[in-house]
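Encoded as structure tokens, the structure appears first; notes follow it.
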Amino acid sequence: MNSYKIAVIAGDGIGPEVLAEGIKVLKAIEELDGNIHFEFTHFPWGCQYYLKHGKMMDDDGLEKLKAYDAIYLGAVGFPGVPDHISLWDLLLKIRKGFDQYVNLRPVQLLEGAPCPLKDVKREDINMIVIRENSEGEYAGAGDWLFKGKPEEVVLQTGVFSRKGTERIIRYAFELARKEKKTLTSISKGNALNYSMVFWDEVFVEVGKQYPDVQTYSYLVDAAAMFFVKQPQRFQIVVTSNLFGDILTDLGAAIAGGMGLAAGANINPERKYPSMFEPVHGSAPDIAGKAIANPLAAIWSVSQLLDFFGHSTWGKEVLNAIESVLVEAKNLTPDMGGKAKTSAVGDAVVAVLSKKSRVKEISPD
Ligand code: NAD
Ligand code: IPM
Ligand code: MN
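Here is the structure:
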């Protein structure tokens, strides 16, 4: 029996609504497989918790989370608590505290997913964005001088260490080599004359050890343009923390919307638990209406299954998402449907169960 302890941090807004569906899918897999077991422990951390207790998570929160095989997170941040507090004291604290330096975000257009671009084929949008997830523009370093005075100056410092830059770029090369795909580095060396010049140099240096990998290098502004005009240019993409944040919302927009964008925060050394979460936030504008699209949260479950080596199930979940999109009967309003969040989760489970029964009759 493969047993996994999952820490669930549903968080704020639509976080709990979409995670319930991801958990539903994991429980269905547990039942269908018979040899996989998930044990879920819910942590009530988030903005409500902050308003009650004056903190986003327990003081020994990271210590508590260390005992788990993975973390499944919904969304953090809600009006009423300043975003820089809620995010730095929970989401970013976990990403950094557990050295989850690889943020894997697929930008892949599934069949049946709405795409706002003209003349785009499904295979034209099929990339994996590897976002540096531990430092860079998110180093949290800076200063606020002469507050309120006419000479007020605010500094926000990006930190690009040799170790941090090399390891993310190397991870990207390894993946590109394994998948026989091209690798594109996205940076901004023309304007950011320290950090991004360094990034570009490291990309070239590390690349020398991967002569089999075809590489490209883009400035981030041009890359944003090509994401829209010719997304087929990109396969594996490696980029900094902030650029990766922005480009993956753009990626979501071209590949079906925020409701379909998934992400994994990985600590490749497996010294600490990795964390799986949708790319989207707490969506205060639709929270509590039971209309949030859970497919991103369910896609993150597919990434979690891949991470644990259950890649057949990971693929099955992705295929089931695609079937639900193609069938178009159980989709939320952001996908042009009328279904409630839970109906989408039920539909994914129904596809998985049906396929599984067919397999029992004629095993492949
Ligand atoms: P958001 O991603 O929450 O929402 C942007 C838009 O996309 C909204 O119109 C929303 O309704 C829509 N949307 C998002 N997810 C959806 C889904 N699953 N189904 C249907 N529609 C969906 O971004 P925002 O409004 O800029 O941020 C809201 C809060 O969430 C802020 O506090 C922000 O800091 C936080 N946030 C958290 C995370 C995270 O926890 N990983 C990510 C992004 C934003
Ligand atoms: C994301 C989010 C976070 C980020 C915020 C909420 C801090 O936008 O996961 O994409 O910028 O990483
Ligand atoms: Mn973001």
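Residue 245 in the UniProt record's numbering is what sits at position 245 of the sequence shown, and the numbering runs on without skipping anything. Where is the CB? At the ideal position from N, CA and C, for every residue including glycine. As the structure is a prediction and not an experimental result, all values here were calculated from the model.
For this session: Assign Asp364 to one of two classes, buried (16 or more other C-beta atoms within 10 Å of its C-beta) or exposed (fewer than that).
Result: Confidence at Asp364 is low in this model, with a pLDDT of 44, below 50, so its placement is unreliable and the value that follows should be read with caution. The Cβ neighbour count for Asp364, taken over all protein chains shown within 10 Å, is under 16; the residue is labelled exposed.
Exercise. Among Ile6, Gly11 and Pro16, which residue has its Cα nearest to the Cα of Ala293?
Worked result: Here the sequence assigns Asn to residue 293, which means Ala is not the residue at that position. Residue Pro16 is the option with its Cα nearest to Asn293.
Exercise. Straight-line CA distance for Gly142 to Asp285?
Worked result: Here the alpha carbons of Asp285 and Gly142 stand approximately 32 Å from one another.
Problem set entry | Chain-order list of residues whose beta-carbon lies under 6 Å from that of Ala287 (same chain, five-residue window excluded) | Answer for Ala287: Gly13 and Ile14, listed in chain order.
Exercise. How long is the line joining the alpha carbons of Cys47 and Val76, rounded to whole angstroms?
Worked result: Each residue's alpha carbon lies about 7 Å from the other.
For this session: Note down the Cα distance separating Lys354 from Glu322, rounded to an integer number of angstroms.
Result: Each residue's alpha carbon lies about 15 Å from the other.
Exercise. So, are the CB atoms of Gly22 and Val237 less than 9 Å apart?
Worked result: The beta carbons of Gly22 and Val237 sit no closer together than 9 Å.
Exercise. So Gln108 packs on Ile94, CB below 8 Å; how close in whole Å?
Worked result: The beta carbons of Gln108 and Ile94 sit about 25 Å from each other, so the pair does not count as a contact at 8 Å.
Exercise. For the candidate residues Asp89, Lys52 and Asp83, whose alpha-carbon lies nearest to that of Asp60?
Worked result: Among Asp89, Lys52 and Asp83, the Cα nearest to that of Asp60 belongs to Asp89.
Exercise. Per DSSP, which one or two residues make a beta bridge with residue 396?
Worked result: The first residue shown for the chain is 1 and the last is 364, placing residue 396 beyond what the model contains.
Exercise. Does the beta-carbon of Phe98 have 16 or more other beta-carbons within 10 angstroms, so that it is buried, or is it exposed?
Worked result: Within 10 angstroms of the beta-carbon of Phe98 lie 16 or more other beta-carbons, which makes it buried.
For this session: Would you kindly report the start and end of the unbroken beta strand (DSSP E) that includes Met275?
Result: Residues Ser274 to Pro278.
Problem set entry | Euclidean distance between Cα positions of Ala350 and Ile130 | Annotation: Ala350 to Ile130 spans about 32 Å, alpha carbon to alpha carbon.
For this session: Answer yes or no: the CB of Phe78 versus the heavy atoms of the ligand NAD, is any distance below 8 Å?
Result: Phe78 Cβ: within cutoff of the ligand NAD.
Problem set entry | CA-to-CA distance, Val153 to Ala113, given in whole angstroms | So the alpha carbons of these two residues sit roughly 45 Å apart.
Exercise. Short check: CB of Val317 to CB of Trp299, under 9 Å?
Worked result: Taking 9 Å as the cut-off, the Cβ atoms of Val317 and Trp299 count as close.
Problem set entry | Own chain residues within Cβ distance below 6 Å of Ser362, not counting five before or after | For Ser362, the predicted structure reports a pLDDT of 47, less than 50, and the residue's modelled location is therefore unreliable. The matter cannot be settled from this model.
Exercise. Can Asn293 be considered in contact with the ligand NAD, in the sense that its beta carbon sits closer than 8 Å to one or more heavy atoms?
Worked result: Within the cutoff, so yes.
For this session: Please go through the same chain and pick out, in chain order, the residues whose beta-carbon is closer than 6 Å to the beta-carbon of residue 366, but skip the five residues on each side of it.
Result: Outside the modelled stretch of the chain, which goes from 1 to 364, sits residue 366, for which no answer is possible.
Problem set entry | Own chain residues within Cβ distance below 7 Å of Lys64, not counting five before or after | Beyond the five residues adjoining it in sequence on each side, Lys64 comes within less than 7 Å, by CB distance, of Asp58 in the same chain, given in chain order.
Exercise. Is Ser3 helix, strand or coil by DSSP?
Worked result: The answer is strand: DSSP assigns Ser3 an E or B state.
Exercise. Pro363 by DSSP, collapsed to three states: which one?
Worked result: Confidence at Pro363 is low in this model, with a pLDDT of 43, below 50, so the placement of that residue is unreliable and no value is reported for it.
For this session: Measure the beta-carbon distance from Ile186 to Val228 and round it to whole angstroms, keeping in mind my assumption that it falls under 8 Å.
Result: With a beta-carbon spacing of about 14 Å, Ile186 and Val228 fall beyond the 8 Å limit used to define contacts.
Exercise. If we count the other Cβ atoms within 10 Å of its Cβ and call it buried at 16 or more, is His53 buried or exposed?
Worked result: A residue is called buried when at least 16 other Cβ atoms come within 10 angstroms of its Cβ; His53 does not meet this threshold and is exposed.
Exercise. Which residues mark the beginning and the end of the alpha helix (DSSP H) in which Leu26 is found?
Worked result: Secondary structure note for Leu26: its alpha helix (DSSP H) is the uninterrupted segment Gly15 to Asp33.
Problem set entry | Chain-order list of residues whose beta-carbon lies under 6 Å from that of residue 366 (same chain, five-residue window excluded) | The question about residue 366 has no answer here: the residues shown for the chain are numbered 1 through 364.
For this session: Tell me whether Ala343 counts as near the ligand HEM, meaning its Cβ is closer than 8 Å to at least one heavy atom of that ligand.
Result: In the structure shown, the ligand HEM is absent; the only ligands present are the ligand NAD, the ligand IPM and the ligand MN.
Problem set entry | Boundaries of the alpha helix (DSSP H) in which Leu318 is found, first to last residue | In this chain, the alpha helix (DSSP H) harbouring Leu318 covers Ser311 to Glu327.
Exercise. Closer than 9 Å, CB to CB, is Asn193 near chain D or not?
Worked result: Although the question refers to chain D, the structure presented lacks it and comprises just one protein chain.
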